[in-house]
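A.B. asks: Throughout the sequence shown, residue numbering follows the numbering used here, covering -16 to 343 in sequence. Beta carbons are placed, not taken as given, at the ideal position from N, Cα and C, and that holds for glycine. Below are the C-alpha cells for one structure; questions will follow.
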Amino acid sequence: MRILVFNAGRYLSPEGGAVRFKNLVPADSGNEVYWIDPVYSRATYDSEAVEAEVPKSVHLAKGFKSSPNPLVELYQREKHFLEAVKKTECDVAVYYNSWGTYFARRWLKQKGIPLVFDYTDLMHAFRHGVQRKVARWSVTQALKQADLVVTTAQALFEDARLFNKNVRLIPNGVNQDYFAAAKPRPVEHPNAGFVGAMGEWVDVESLLAAARESPETRFYFVGDGPKRKLVDAAALPNVTITGFVPYAEARDWMASFDVCLVPFIKSELTDAVCPIKLFEYWAAGKPVIVSPTQEVKRIADDAVLYASNAAEWKTQIAAVLDDENLAHELSESGRKLAKGYDWRKLGAAYQEALKGVARK
C-alpha cells in the first residue's frame, strides 16, 4: 500500500502526529510512505529538532519555515502541500491537521484518492478569535470530505460523527518491550517527574507551586517548550530541568522517577487528548498522577491518582511517596492497562482500516 501523509508534523521529530504514524505504520510494515513535511511559522524548540535517518520505505518531501504573518503562512502551506501531492502516486492519503490543506485535499479527491483524517486534536482550540472560527470551519470541512476518520479520543469520535458516518476510534499506545529495557539514571529520591513538551496546555504553574511547598521532594522537568521559561524563572532549589533529551534518554528518566506526572490544564482541548506519555509511564512500571481530563478518566479510571491544583498535586505526590503499597498498586494497575494499548495491535487495526478505503 502506498500511503501519502501530510500535515502530520515533521517526520524527523517527536511531534505527536509523527510519533503516532511511525508507530502505527512502522518502517518494516511493507508499506511505502510518502511524507510531506509542513510549512510552519511558530517558534521551534530543541525537542522538535531531532536528527535521524529516514527509512528506505519512506520518501520525504521537506517543508520550510515561513513568514510569521498567518495569512502568508496559510498561503504558503496551501501551495506547498498542493505542489507536493501532485508529484505523488498513492493509494490512500492521510492528513492530521486540516489547516492549510484545502486545495491539496480537493485535488486528491478529484483524482479519486481516498482521504483519511487522523483526528488527534481539537485544532481550533489552539487558536483564538477569528482564527479559531476559521480553524473550526476547516476541521468540519475536512471531516465531511474524508472517506474515513480515525480518532484518538471519545470526544473526538463524537465530534467526528456529527459530520461523517465512517469513524473509527484507534487510540495512542506504547511499545512495552522498549520501556522494559530502560536503564534508570542516578537521581535524587524521593522525586516526582514530568516528561514532555511544556506547551501552553501543561499546568507547569501548579507543579512549581507544589514543588515550592515540598522542599524535601526533588521535581524533575524533562523536556522543552514555551513554558520552560517559567521553570527557569522560578529557580527552585529542589527543581531540575533537563531541556530536550533524546527519546531513549527520556525513557531512562521515566524509569528513574518515584512517581510520574501528567499535568494538563483542564479545557476543551485537553479533555480530547489521549496522552502517549500516560501509556509510557505505565509501561515503565510507574505510579501516575494526572489531571482529571475527560479522556484520561475514561482510560485510566482508578489506576491513577488525580490532581486539579497545586494543593492537590502536593497531597497526591506525598501520598504516593509515603505509601509503598499504594505506589505498587498503582504501578501494577497501570502496567496491566498498558497491555491493551500496544502499538503493534493498534497498528494492525489502523493499517486494516486504511486498506478498507484504499484504492485497489
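Would you call the stretch 131 to 149 and the stretch 90 to 104 touching, i.e. three or more CB-CB distances under 8 Å?
C.D. replies: Touching, yes, given that three or more Cβ pairs across the two stretches are closer than 8 Å.
A.B. asks: Can you give the Cα-Cα distance for residue 56 and residue 113, rounded to whole angstroms?
C.D. replies: If I take the Cα positions, the gap works out to 16 Å.
A.B. asks: Between which two residues does the alpha helix (DSSP H) harbouring residue 16 extend?
C.D. replies: Segment 15 to 19 is the beta strand (DSSP E) holding residue 16; no alpha helix (DSSP H) there.
A.B. asks: In terms of alpha-carbon separation, which member of 74, -3, 82 lies closest to residue 22?
C.D. replies: It is 82 whose Cα lies nearest to the Cα of residue 22.
A.B. asks: Looking at residue 246: is its Cβ nearer than 7 Å to the Cβ of residue 191?
C.D. replies: Not a contact, by the Cβ cut-off of 7 Å.
A.B. asks: Would you tell me roughly how many angstroms separate the C-alpha atoms of residue 200 and residue 59, rounded to the nearest one?
C.D. replies: Cα to Cα, the separation comes out at about 48 Å.
A.B. asks: Would you call residue 230 buried or exposed, if buried means 16 or more other Cβ atoms sit within 10 Å of its Cβ?
C.D. replies: Exposed, since its Cβ has fewer than 16 Cβ neighbours within 10 Å.
A.B. asks: At which residues does the beta strand (DSSP E) containing residue 327 begin and terminate?
C.D. replies: Unbroken run through residue 327 is the alpha helix (DSSP H), 326 to 340; no beta strand (DSSP E).
A.B. asks: Cα separation between residue 332 and residue 198?
C.D. replies: Their backbone Cα atoms lie some 47 Å apart in a straight line.
A.B. asks: Find out if the Cβ-Cβ distance for the pair residue 302, residue 296 is shorter than 7 Å.
C.D. replies: Against a cut-off of 7 Å, the Cβ pair of residue 296 and residue 302 comes out as no contact.
A.B. asks: Report the rounded CA-to-CA distance for residue 67 versus residue 340, giving the unit in angstroms.
C.D. replies: Cα-Cα distance, rounded: 22 Å.
A.B. asks: Any idea what DSSP makes of residue 62, helix, strand or coil?
C.D. replies: Three-state DSSP puts residue 62 in a helix.
A.B. asks: Can you give, in chain order, each stretch of the alpha helix (DSSP H) that sits fully within the stretch 175 to 258 and has at least 4 residues?
C.D. replies: For the stretch 175 to 258, whole alpha helix (DSSP H) runs of length 4 or above, ordered along the chain, are 187 to 195, 211 to 217, 230 to 239, 251 to 254.
A.B. asks: Quick one, which of -7, 156, 94 has its alpha-carbon nearest residue 79's?
C.D. replies: Closest by alpha carbon: -7.
A.B. asks: If I follow the unbroken alpha helix (DSSP H) through residue 313, where does it start and stop?
C.D. replies: Element bounds for residue 313: 307 to 321.
A.B. asks: Could you tell me the alpha carbon to alpha carbon distance between residue 47 and residue 343, rounded to whole angstroms?
C.D. replies: Whole-angstrom Cα-Cα distance: 34 Å.
A.B. asks: Report the rounded CA-to-CA distance for residue 15 versus residue 188, giving the unit in angstroms.
C.D. replies: Taking the straight line from one Cα to the other gives about 44 Å.
A.B. asks: Buried or exposed: where does residue 120 fall if 16 or more other Cβ atoms within 10 Å of its Cβ makes it buried?
C.D. replies: Looking at its Cβ environment, which holds fewer than 16 other Cβ atoms inside 10 Å, residue 120 is exposed.
A.B. asks: Residues in the same chain with beta-carbon distance under 8 Å from residue 157, minus the five sequence neighbours each way, listed in chain order, please.
C.D. replies: Correct list, in chain order: 259, 262, 263, 265, 266, 321, 324, 325, 326.
A.B. asks: Report the rounded CA-to-CA distance for residue 271 versus residue 242, giving the unit in angstroms.
C.D. replies: Cα to Cα, residue 271 sits roughly 6 Å from residue 242.
A.B. asks: How is the beta strand (DSSP E) around residue 160 delimited, first residue to last?
C.D. replies: From DSSP, residue 160 is part of no beta strand (DSSP E) but of the alpha helix (DSSP H) over 159 to 163.
A.B. asks: Which two residues bound the contiguous beta strand (DSSP E) that contains residue 99?
C.D. replies: Start and end: 98 to 102.
A.B. asks: Kindly indicate which residue of 298, 287, 293 has the alpha-carbon position closest to the one of residue 369.
C.D. replies: Past the edges of the chain, shown from -16 to 343, lies residue 369, and the structure says nothing about it.
A.B. asks: With a threshold of 16 other CB atoms inside 10 Å of the CB of residue 63, please say whether the residue is buried or exposed.
C.D. replies: It counts as buried.
A.B. asks: In whole angstroms, what separates the C-alpha of residue 88 from that of residue 165?
C.D. replies: Roughly 41 Å separates the two Cα atoms.
A.B. asks: Opposite residue 272 in the DSSP bridges: which residues?
C.D. replies: Per DSSP, 244, 288.
A.B. asks: Contact check, residue 170 vs residue 239 under 8 Å by CB: the rounded distance?
C.D. replies: The pair is a contact, with the Cβ atoms about 5 Å apart (cut-off 8 Å).
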